[in-house]
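Read the structure below first, then the notes.
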Amino acid sequence: MKKKSILLIGFLFAFNLMFGQRTDVEGMMYLDENRRPIYSENIVIPDVNGYQVLKCDFHTHTVFSDGVVWPTIRAQEAWEEGLDAIALTEHIEYHPYKDDVKVDHNRSHELIETSSKKNNVLLIKGTEITRQTPPGHFNAIFIGDASSYIEENVSERDREAVMKASEQKAFIFWNHPGWRPNIAGSYEWIPFVDDLHKNKALHGIEVINGFGFHMKALDWCVDKGLTVMGTSDIHNLIGHDYDRSKDYVHRTMTLVLAKNRTPESIREALNAGRTVAWASKILAGKEENVKALFDACVKINPFHYTEENNGEKTNFYEIKNSSDLYFELKLKEGDATEQIVLYPQSKQLISAKAGQSSLTYEVTSTYVRSDKHLEVKLQLK
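Counting from 16, one number per residue, gives the positions in the sequence shown under our numbering.
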């Protein structure tokens, strides 16, 4: 279902860019057809109320903390997957490869700066402040020099560690709060987190982290005015962890409703809370954002046919999804098709009893609270 566009002029041109023009050599056969083709996915999502929908991943790792790839790989992956922006967020306190890779809290970002520009991927400087659980881990993005961040991982310095990022006016979000639910206080709105929030040192929560949907965190974002985040927290290759051979499967990310495709516009949108977390078939966010996104993607046409049976008339409609998002709808009010699956870039036929002005559906592939799906009203014409 994903629309894929081959950029430049195809694989051979990309090969020549990497290896230079190759001349024929007697006695050599080159098996270039066995190479993986190089292209970028074109993820189609319409503008939402005049905002561009940027695909962003603000939680990734490399060998400069506990990841297993070199930083430049992250730029290549992001370009191939059609992302607009990424952040490398290495652990401040945890460096299992320190005997082999020099600890430098700025270095991975420096190494990817040129490759991200070449790949047309916006690079946001970030880090992961990795305290014991609770209070847990916090990502800081739009940071400055990270060399003075606190490596000593003792509870007495937890607040100081987070406030280092706050002093740089970073955007700070609480990571995967439910990742260790068996530890007391790990999946609760604890006083430490409340203090950060009250002192404007907490701006969002990672509601979906990789393959885990932290549903209580969505409620906290809604109730406390925090920004909803979705990230991959990828340590391995994306292609190793995500089964990209399956339809709809991609890394978890944040859809940012931004004025422009710039770091400044991303920051403004994050501050304003204009985000939706996207994990393959699932969308999670504040109701106003999820609804605006749905409305931009889904339209129902006027009825094109009427069938009469035993004196009752039924109208037939086409409903169109013009995005690469996936929606499942369940009828809540009205007399019409009970279940609708809107595959990416597709149309469906639905029928409804004549004489109705609207139908109400729950979009069951979306969450606007832990126990609530988006409810939409389809106007019939």
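Idealized CB from N, CA, C, for every residue including glycine.
Straight through space, the alpha carbons of N154 and D234 are spaced by roughly 20 Å. Around the beta carbon of H255, fewer than 16 other beta carbons lie within 10 angstroms, which makes this residue exposed. Shown here, E283 sits in a helix according to DSSP, grouped into three states. Nearest C-alpha to L357 among L344, K368 and E348: L344. Annotation for E128: the continuous alpha helix (DSSP H) segment containing it runs R122 to K133. Classified as buried, K301 has 16 or more neighbouring CB atoms from the shown chains inside 10 Å of its CB.
Shown here, L357 sits in a strand according to DSSP, grouped into three states. Per DSSP, A299 is one residue of the beta strand (DSSP E) stretching across I297 to G300. For the pair A90 and L69, the CB atoms are not nearer than the 8 Å cut-off.
In this structure, DSSP gives V305 a helical state, which the three-state scheme calls helix. Here F228 is buried: its Cβ has 16 or more other Cβ atoms, across all protein chains shown, within 10 Å. Inter-segment contact for the stretch 75 to 94 and the stretch 252 to 270 is present: three or more beta-carbon pairs are separated by less than 8 Å.
Straight across, the Cα-Cα distance linking Y164 with Y45 is about 50 Å. Where Q371 is concerned, there is no enclosing alpha helix (DSSP H), because DSSP gives it neither an H nor an E.
Using a 10 angstroms sphere on the CB of F226, the tally of other CB atoms stays under 16, which defines it as exposed. For the pair S123 and F79, the CB atoms are nearer than the 8 Å cut-off. In the three-state reduction of the DSSP assignment, T104 falls in the coil class, being assigned neither a helical nor a strand state. With respect to the 8 Å criterion, I158 and Q183 are classified as neighbours on the basis of their beta carbons. Per the Cβ contact rule, the stretch 172 to 180 is in contact with the stretch 205 to 213 (3 or more Cβ pairs under 8 Å). Taking a contact as a CB-CB distance under 8 Å, the pair N330 and S366 counts as one, their CB atoms being some 7 Å apart. Taking a contact as a CB-CB distance under 8 Å, the pair A216 and M178 counts as one, their CB atoms being some 6 Å apart. Boundaries of the alpha helix (DSSP H) harbouring M230: M230 to K239, taken from the DSSP string.
With fewer than 16 other Cβ atoms from the protein chains shown falling within 10 Å of its own Cβ, H319 counts as exposed.
Looking at the DSSP output, I187 sits in a beta bridge with A155.
Per DSSP, I88 lies in no beta strand (DSSP E); the unbroken alpha helix (DSSP H) holding it starts and ends at P86 to E95. Around the beta carbon of K213, fewer than 16 other beta carbons lie within 10 angstroms, which makes this residue exposed.
Looking at the DSSP output, N330 sits in a beta bridge with T321 and A367.
One Cα belongs to Y66, the other to Y202, and the distance between them is close to 34 Å. Taking every protein chain shown into account, the CB of V40 has fewer than 16 other CB atoms within 10 angstroms, so this residue is exposed. According to the DSSP assignment, I253 belongs to the alpha helix (DSSP H) that extends over I253 to D256. Look at V391 here: in three-state DSSP terms it is strand. In this model, C71 and E322 are separated by some 46 Å (Cα to Cα). Separation of the CB atoms of N275 and T290 is rounded to 16 Å, and the pair is thereby denied contact status at 8 Å.
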